[in-house]
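**Q** I am attaching a structure below and will ask some questions about it afterwards.
Numbering (my numbering), first residue to last: 288 to 1129.
What follows is the structure, given as structure tokens:
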């Protein structure tokens, strides 16, 4: 590479810096102060994940429009209240909702199912066949309820069964009674007895709209903390409160990331310091390198405050990228400076020699790495676009620090602090020398690996499911995952906005005809169909008022059991098994057996009686006037009508999600929410990265070609990138690691490392007489700079957050592979040129 004029300019500049260090150092003090002020006062954090995608994408526009129409239905918290019985869950949910209403941390509190304002019409929301089936079963078992209304006891229950006759009793009731007597069931379940359509759900759902602070790292933290404090004080036994929803998931995700950051940070710092010591064997030089990083981070953060004003959930990783690439500059310059001191140069001469020579490589590395980052700026992935701008400018700042601040500090540092020591050959030198000596085999091996991993790379996938990134042990994840399995309660539903009620009804009919849709809810869903026939069916359900329960003797209870047992003919397997169990009870009943039976039979029967009685009474009083808190969920203030479309399949499978979304979009092109936006966001991210990497690769090649004036050198620099990238993707396919929203940001860093290493090796080779001369400190620098990157961010693999952990794995492995590609392939490719150089020198 030919850079005589640039190298001459660098020599003049470094000489001036070395002779006027205090001017340079003094100028950085106000710069650092101003940048610190901007960073601390002006740089915010935007943790709203919806802002990571550009508004120019149509599906994102649709989401923004929906969010404007129904702002109170996005970013909510969902509390799942599970009790041992329906009544217990209902009472616990009402208790919690009552304490949350009026709390300043929640804008709205809404009970999704069993809203007391809708209980009056609950029977009418059954389909007509379901209501008729329910009415028929109640009439069929009426002898039980007639006796039960007078006395709530075991005797009344079994005398009622005897009056019905075994062949008229629902088979499920016979089976459950037999299971109770054998100890295999705790209590009667009338939901199962009266058919799945009437199954009583022991879960209740409360939807909360929290007050979010997007300027905070954890926007929902205060609301969630208040919620948990109230739940912890409930003292309710047998009730479980599961807190989930979009805001709770985001809170748990960011909390798991930040909780592991402290441990990873400490461990990373220790490992980096240890590796720097092994590379430099100088505490003074290590201290200067760490100061370089801190200064660069401050100045880059200051730029981010001025240019962007905030960090998003992806651009916050600029520090990770800066440290990984910035420390490379310090290592390369520091080790070459030591090499110059060792060769006999005095301090200023060593600075001029090493910094002017390596500075050329760093200049090229900065340009190529900047192009790698800036290639993301025009993409639709706004999160990475902002990251590209900040990190790209950060690399320019990093170069300026290492060509001004760094030599100025070294020029005033006593050389005793940098006393050269004899350093053993590093693994990097051994790898490069092995590649050089066995160049033919290495070339063949590289070609074979490129072919094999290239074929494997065709199978790589992008996982667009954000749940797969989260810690699977958190409450929010487990609760949300369980809801997704219940497709009728799935939180992943598609939202459609219609301009009128008529359009909403028409769209609902079309959507219900789709194979992937289980149900559609809109405002019209709250007005029952077949109302007159349903009113007639409700009238047939008549239960008397409950009388005062009187004590029943043990003898009376057992006589009723025996009477029922005698009436069973054994005509069915259920009757035969129950008859045998009842006979055993009559003959062998122990103290306490009847008390257990009362808890298993009488109590749930009384609960069922009361619920049916209440349902009938309120149904007869129904007026079908929807309360405002229900209607505002389906009609916006602008008169837009909301439809909620539920899937038939579990959408944890991205292909099922994509199929569901595609079907709905054919009917309603402006449909939105997670099942639509997640796959399309994944597509946009993949498209953005393909565009960016193609553009980055092209610009990097052109830059190296322009600066080096050598097509051969440009191709040589690109070869390790191609091989390394193919090996990384092939490795991911082999271990089953997909790209995702978290680990895909590792690729710019790995690309930068590969470019830098290739430039350093080729430039150093062109400058020195032989390969052995070029290999001395260059291979060592590349090896140890790669190790610092692996040590810095490989600790992220220990995170409980699966996205962060995958990023740590990919970063560590990717850096290692790119280092091997540079040190293992380039010497083999340079062999012929090296031999020609030796012959010409001879």
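All C-beta atoms, glycine included, are put in the ideal place defined by N, C-alpha and C.
Could you compute how far the alpha carbon of residue 1132 sits from the alpha carbon of residue 342?
**A** Outside the shown range of the chain (288 to 1129) lies residue 1132, about which nothing can therefore be said.
**Q** Take residue 467 as the anchor and find which of 904, 398 and 871 has the nearest alpha-carbon.
**A** Comparing Cα positions, the closest option is 871.
**Q** Measuring straight from C-alpha to C-alpha, what distance separates residue 661 and residue 565?
**A** Taking the straight line joining both Cα atoms gives about 34 angstroms.
**Q** Among residues of its own chain, excluding the 5 on either side of residue 1097, which ones have a beta-carbon nearer than 6 angstroms to its beta-carbon?
**A** Answer for residue 1097: 1030 and 1033, listed in chain order.
**Q** Which residue spans inside the stretch 775-863 form an unbroken beta strand (DSSP E) run of at least 3?
**A** Taking only runs of at least 3 residues, the beta strand (DSSP E) segments lying wholly in the stretch 775-863 are 781-785 and 804-808.
**Q** Quick check on residue 299: buried or exposed, where buried means 16 or more other Cβ atoms within 10 Å of its Cβ?
**A** When all chains shown are included, residue 299 counts as exposed.
**Q** CA-CA distance, residue 680 and residue 557?
**A** Rounded to the nearest angstrom, the two C-alpha atoms are 28 angstroms apart.
**Q** DSSP three-state call for residue 395: helix, strand or coil?
**A** Residue state, collapsed to three classes: strand.
**Q** So, residue 461 versus residue 847, is the Cβ gap smaller than 8 angstroms?
**A** It is not a contact, given that the beta carbons lie outside the stated cut-off.
**Q** What number of angstroms, rounded off, separates the C-alpha of residue 397 from the C-alpha of residue 912?
**A** Rounded to whole angstroms, residue 397 to residue 912 spans 17 angstroms at the Cα level.
**Q** Do you know whose CA, among 593, 326, 479 and 607, lies nearest residue 1078's CA?
**A** Per the Cα distances, 607.
**Q** By a C-beta neighbour count over all protein chains shown, 10 Å radius and 16 as the cutoff for buried, is residue 685 buried or exposed?
**A** Result: buried.
**Q** What first and last residue would you give for the beta strand (DSSP E) that runs through residue 934?
**A** Residues 928-934.
**Q** Tell me which same chain residues have a C-beta within less than 6 angstroms of the C-beta of residue 838, skipping the five on either side of it?
**A** The answer is none, since no qualifying residue turns up.
**Q** List the DSSP bridge partners of residue 490.
**A** Paired residue(s): 369.
**Q** Of all the options 1040, 347, 1076 and 875, which has the alpha carbon lying nearest to the alpha carbon of residue 667?
**A** It is 347.
**Q** My output table needs one value for residue 349: the three-state DSSP class, helix, strand or coil.
**A** Residue state, collapsed to three classes: helix.
**Q** When the Cα of residue 785 is compared with those of 331, 449, 611 and 932, which residue comes out closest?
**A** Nearest C-alpha to residue 785: 932.
**Q** Specify the secondary structure class of residue 912 as computed by DSSP and reduced to three states.
**A** Residue 912: coil per DSSP, three-state reduction.
**Q** The alpha helix (DSSP H) that contains residue 282, what's its start and end?
**A** As displayed, the chain neither begins before 288 nor continues past 1129, which places residue 282 out of reach and without an answer.
**Q** Strictly by DSSP, which residues pair up with residue 760?
**A** DSSP, once it has assigned bridges, lists no residue as partnering residue 760.
**Q** Taking the alpha-carbon positions, what's the residue 403 to residue 783 distance?
**A** Confidence at residue 403 is low in this model, with a pLDDT of 41, below 50, so its placement is unreliable and no value can be given for it.
**Q** With contact counted as at least three CB pairs below 8 angstroms, one residue from each stretch, are the stretch 840-860 and the stretch 429-447 in contact?
**A** Yes, the stretch 840-860 is in contact with the stretch 429-447.
**Q** Applying the criterion that 16 or more other CB atoms from any shown protein chain within 10 Å of the CB defines a buried residue, is residue 303 buried or exposed?
**A** It is exposed - the Cβ of residue 303 has fewer than 16 other Cβ atoms within 10 Å.
**Q** Counting only the same chain and skipping the five closest in sequence on each side, list residues whose C-beta sits under 8 angstroms from that of residue 301.
**A** Within the same chain, residue 301 has close Cβ partners 638, 639, 642, 643, 646, 690 and 694.
**Q** For residue 688, which residues from the same chain have a beta carbon less than 7 angstroms from its beta carbon, with the 5 sequence-adjacent residues on both sides left out?
**A** Same-chain partners within the cutoff: 579, 582 and 583.
**Q** Check the C-beta distance from residue 465 over to residue 864 and give it rounded, since I have them as a contact under 8 angstroms.
**A** Residue 465 to residue 864, Cβ: 5 angstroms. Contact.
**Q** Measure the beta-carbon distance from residue 963 to residue 948 and round it to whole angstroms, keeping in mind my assumption that it falls under 8 angstroms.
**A** Rounded, the Cβ-Cβ distance is 5 angstroms, consistent with contact.
**Q** Within this structure, are the beta carbons of residue 1015 and residue 669 separated by less than 8 angstroms?
**A** Taking 8 angstroms as the Cβ cut-off, residue 1015 and residue 669 do not qualify as a contacting pair.
**Q** For residue 941, report the span of its alpha helix (DSSP H) as first-last.
**A** That run of the alpha helix (DSSP H) goes 941-954.
**Q** Measuring only the C-alpha atoms, how far is residue 381 from residue 351?
**A** Answer to the nearest angstrom: the Cα atoms are 33 angstroms apart.
**Q** Answer yes or no: do residue 333 and residue 515 have a C-beta to C-beta separation smaller than 8 angstroms?
**A** Cβ distance not < 8 angstroms, so residue 333 and residue 515 don't count as in contact.
**Q** In the DSSP assignment, what residue or residues form a beta bridge with residue 495?
**A** Beta-bridge pairing links residue 495 to 364 and 396.
**Q** Run through the stretch 566-604 for me and flag every whole alpha helix (DSSP H) of 4 or more residues, listed as ranges in chain order.
**A** As far as the stretch 566-604 is concerned, its whole alpha helix (DSSP H) runs of at least 4 residues are 570-594.
**Q** Pull up the DSSP beta-bridge partners for residue 331, would you.
**A** Paired residue(s): 597.
**Q** Opposite residue 959 in the DSSP bridges: which residues?
**A** Note: residue 959 sits in a beta bridge opposite 782.
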